[in-house]
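Residues 1331 to 1682, numbered by this note's numbering, are exactly what the sequence shown covers, in order.
Quick reminder that beta carbons are idealized off the backbone N, C-alpha and C, glycines included.
Encoded as structure tokens, the structure appears first; notes follow it.
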Amino acid sequence: MKFDSSAAFNEKRYEAIRSREVAGGDAFFYAVVTTGVYCRPGCGSRTPNRENVLFFDTPQHAEQQGYRPCRKCRPELKRGSEVHEKIIVKACRRLEQDEAYPMLETLAREAGLSPTYFHRLFKKIVGITPRQYYLKQRTDRLRRKLVDGDDVGTAIYSAGFSSLSGAYNQNEDRLAMTPKKFQQGGDDEQIWYGFSSCYLGIVLVAATDRGICAVELGDSEEQVYSHLHNQFPKAEIKPGDPDFEQLIKAVVDHIDNPSQKFDLPLDIQGTSFQQKVWKALCTIKPGNTSTYSVIAEKIGKPAAVRAVAGACAANKIAVLIPCHRILTKDKKISGYRWGRGRKRLILKKEKQ
1331 MKFDSSAAFN EKRYEAIRSR EVAGGDAFFY AVVTTGVYCR PGCGSRTPNR
1381 ENVLFFDTPQ HAEQQGYRPC RKCRPELKRG SEVHEKIIVK ACRRLEQDEA
1431 YPMLETLARE AGLSPTYFHR LFKKIVGITP RQYYLKQRTD RLRRKLVDGD
1481 DVGTAIYSAG FSSLSGAYNQ NEDRLAMTPK KFQQGGDDEQ IWYGFSSCYL
1531 GIVLVAATDR GICAVELGDS EEQVYSHLHN QFPKAEIKPG DPDFEQLIKA
1581 VVDHIDNPSQ KFDLPLDIQG TSFQQKVWKA LCTIKPGNTS TYSVIAEKIG
1631 KPAAVRAVAG ACAANKIAVL IPCHRILTKD KKISGYRWGR GRKRLILKKE
1681 KQ
């Protein structure tokens, strides 16, 4: 058994237990003599009396003395391990379903963790806070209801908003327009598009007056156009003029010659987390590859690997935002919005 005999040091440890703060990771563990269980600081179980607490440096030391791991905080498992992911996934499912935001204390209590530790763990794994995740899900519900044809007022309230003004103030950025305009299919949005072809098949390039907003790859013009039209069915989507052909040519030239620098502006719409991921993807040079975990580390969210994968899947600008350069940890071809076959072809091209 190994533990610090300093009374003052152990009092600081006990204070960490009482406040349910987790500082310095798994710096120590504590056992409760009366229950025979050991925990990590931040555990949601009732705070034991000081005289019933022993401190240990590792789970192994506690178990050598006959203590068993707590079923709530699972101290025998490393932080960020599968049990923590399951806890956070369960919380995500609730945030997706509840119309009203459940209090942080409620989510933490259901997870068996302190509010501070739960909040930190959620952000570490998901990449955003519980409230930010809830707001995103609420916006997605509003989006679906508007697309389904609900009138604006009904859609706003049934999605979980308490007022019309709240929905308009909070969602213009997330929808890239107001709820009314979104339901109108981007009525005031002008999008120009055009087709070309390359070794990957048919290419559609679409742009607003702010820059390129979509590059689609497919087997037919009908297929790639439908993707754009389904996103904004009532937007003013129209063929580009002769000058637009130069933009299309620049995109196709870059697809055919990936080492060629591309400097034209992009109209990138996504969450702040997605934009961080996409920016990190653009630092991967042609001919090189990376992994979801490396990108997660690069943006300062090492546990948000799944969220990084989701951001890659949400990319609407093929090749220019090079999500195709991401492989699995064992260097295998992972999923790709425009097909694994195309991903394999692009990577082969960039190796030449």
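Query: Spatially closest choice to Glu-1435 from Arg-1423, Arg-1461 and Glu-1415, by CA coordinates; Result: Arg-1461
Query: Delimiting residues of the beta strand (DSSP E) encompassing Trp-1522; Result: 1520-1528
Query: Inter-residue spacing [alpha-carbon to alpha-carbon] between Phe-1452 and Thr-1459; Result: 6 Å
Query: contact_flag[the segment 1575-1584, the segment 1635-1642] where n(CB pairs < 8 Å) is 3 or more; Result: no
Query: Exposed unless 16 or more other CB atoms sit within 10 angstroms - verdict on Val-1363; Result: exposed
Query: 8 Å Cβ shell around Arg-1540 - same chain, five flanking residues per side excluded; Result: Pro-1595 and Asp-1597
Query: Inter-residue CB distance, Gly-1524 and Gly-1457 (contact presumed, cutoff 8 Å); Result: The pair is not a contact, with the Cβ atoms about 35 Å apart (cut-off 8 Å).
Query: In DSSP terms, what Leu-1547 is bridged to; Result: Val-1533
Query: Any non-hydrogen atom of the ligand FAD within 7 Å of Thr-1619 CB; Result: Absence of the ligand FAD is noted for the structure shown, with no ligands found whatsoever.
Query: From Ala-1633, Gly-1669 and Leu-1384, residue whose alpha carbon lies closest to that of Ala-1648; Result: Gly-1669
Query: For Val-1383: DSSP bridge partner residues; Result: Val-1362
Query: From Asp-1593, Ala-1565 and Ile-1656, residue whose alpha carbon lies closest to that of Ala-1610; Result: Ile-1656
Query: Ile-1585 - containing alpha helix (DSSP H), residue span; Result: 1572-1586
Query: Sequence-distant residues of its chain with Cβ nearer than 6 Å to Glu-1316 (five each side left out); Result: Outside the shown range of the chain, which is 1331 to 1682, sits residue 1316, and nothing can be said about it.
Query: Three-state secondary structure assigned by DSSP to Ile-1418; Result: helix
Query: Contact under 8 Å by Cβ, Ile-1542 with Leu-1650; Result: yes
Query: Member of Ile-1585, Asn-1618, Gly-1617 and Lys-1631 whose CA lies at the smallest distance from the CA of Lys-1606; Result: Lys-1631
Query: Spatially closest choice to Thr-1377 from Gln-1394, Ser-1349, His-1654 and Leu-1407, by CA coordinates; Result: Ser-1349
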